[in-house]
């Protein structure tokens, strides 16, 4: 399982991943800055010691790209700053993982940034778990469907019908093309997730929002600006991420309370899940995605 990943690097990443996930789950998504900086600093030092200069530079380049993209996502309220720190640290510790498909008479392999696989596995696991969670949540909150283009019951039936039709059609097509049935069944679930989130995203977003008095706003809160009057948002320059500048803009607008995404689910535990999947199942990942004779 550790054929392509250094044990020490994996142990450091998992240990800090567990610590960060704990605070994300049980401390209202407030992760101590000292913990995040410690993770990044130790990852950098350990990367140089474990991976050598070349491996360190490769990881540092990946971390720089992640930091640039992540900071923009953070400022627009799409990603937490702690998520960016953790992804950068993983990139430093495990710059690449080599995926190999052994055909007996020949082998095909290539190196891929481990952090890409970690993020992909995290997003997939997050999507599945959140789909089940929110399916139950929006199904119970039927009163929120009033005035929308289609009631909750009809949307559930419509989304389920589309998913069933697509899945059956995909399986028949994969059988005709000779694709492994297990892989085809797994692949067919991804569009089903898209159908679910497409039909229920308004309800999911509404379930996360709470109106918070301006005096109780906290730094790094995310404002649901789409729920505010567009003219008001543009006039006072109200942004999604709560910082000192945004608080001043909100106070200038004389709003008494603003819609805030207080119910956003934690993502660091899913990054930990993605990390564990890549560490323990990178051979299976290769078997799923690499070509076979």
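Numbering (the working numbering), first residue to last: 389 to 681. Virtual Cβ for every residue (Gly too), placed ideally from N, Cα, C.
Collapsed DSSP secondary structure at residue i in the structure displayed
i: residue 597; result: strand
i: residue 684; result: No answer is possible for residue 684: the residues shown for the chain start at 389 and end at 681.
i: residue 413; result: helix
i: residue 404; result: helix
i: residue 484; result: strand
i: residue 641; result: coil
i: residue 657; result: helix
i: residue 647; result: strand
i: residue 464; result: coil
i: residue 590; result: helix
i: residue 394; result: coil
i: residue 471; result: helix
i: residue 337; result: Absent from the structure is residue 337, since the part of the chain shown begins at 389 and ends at 681.
i: residue 616; result: coil
i: residue 445; result: helix
i: residue 428; result: helix
i: residue 582; result: helix
i: residue 605; result: coil
Inter-residue spacing [alpha-carbon to alpha-carbon] between residue i and residue j
i: residue 497; j: residue 439; result: 20 Å
i: residue 508; j: residue 662; result: 7 Å
i: residue 467; j: residue 461; result: 5 Å
i: residue 479; j: residue 595; result: 34 Å
i: residue 658; j: residue 632; result: 30 Å
i: residue 593; j: residue 397; result: 37 Å
i: residue 394; j: residue 482; result: 8 Å
i: residue 634; j: residue 641; result: 11 Å
i: residue 451; j: residue 476; result: 4 Å
i: residue 404; j: residue 651; result: 24 Å
i: residue 409; j: residue 416; result: 11 Å
i: residue 406; j: residue 619; result: 44 Å
i: residue 630; j: residue 639; result: 12 Å
i: residue 664; j: residue 643; result: 45 Å
i: residue 422; j: residue 414; result: 17 Å
i: residue 670; j: residue 588; result: 33 Å
i: residue 442; j: residue 499; result: 14 Å
i: residue 402; j: residue 411; result: 14 Å
i: residue 601; j: residue 624; result: 18 Å
i: residue 425; j: residue 622; result: 36 Å
i: residue 431; j: residue 617; result: 44 Å
i: residue 506; j: residue 454; result: 13 Å
i: residue 626; j: residue 604; result: 17 Å
i: residue 429; j: residue 668; result: 25 Å
i: residue 472; j: residue 578; result: 25 Å
When the options are compared against residue i, the one with the closest alpha-carbon
i: residue 513; options: 622, 660, 611, 472; result: 660
i: residue 486; options: 622, 501, 411; result: 501
i: residue 521; options: 465, 578, 585; result: 585
i: residue 683; options: 446, 469, 445, 422; result: Given that the chain is displayed from residue 389 to residue 681, the structure contains no residue 683 and the question cannot be resolved.
i: residue 748; options: 435, 436, 399, 515; result: Here the chain comprises residues numbered 389 to 681, so residue 748 is not present and cannot be evaluated.
i: residue 463; options: 600, 609, 645; result: 609
i: residue 518; options: 617, 420, 421, 582; result: 582
i: residue 484; options: 444, 510, 598; result: 444
i: residue 434; options: 423, 454, 447; result: 447
i: residue 614; options: 607, 437, 597; result: 597
i: residue 606; options: 424, 636, 670; result: 636
i: residue 437; options: 420, 588, 400, 499; result: 400
i: residue 646; options: 668, 621, 599; result: 599
i: residue 656; options: 603, 510, 604, 668; result: 510
For residue i: DSSP bridge partner residues
i: residue 516; result: Residue 516 pairs with nothing; no bridge assigned.
i: residue 629; result: 610
Nearest-angstrom Cβ-Cβ length linking residue i and residue j, presumed shorter than 8 Å
i: residue 743; j: residue 611; result: Since the first residue shown for the chain is 389 and the last is 681, residue 743 is missing from the structure and cannot be characterised.
i: residue 474; j: residue 427; result: 7 Å
i: residue 465; j: residue 628; result: 3 Å
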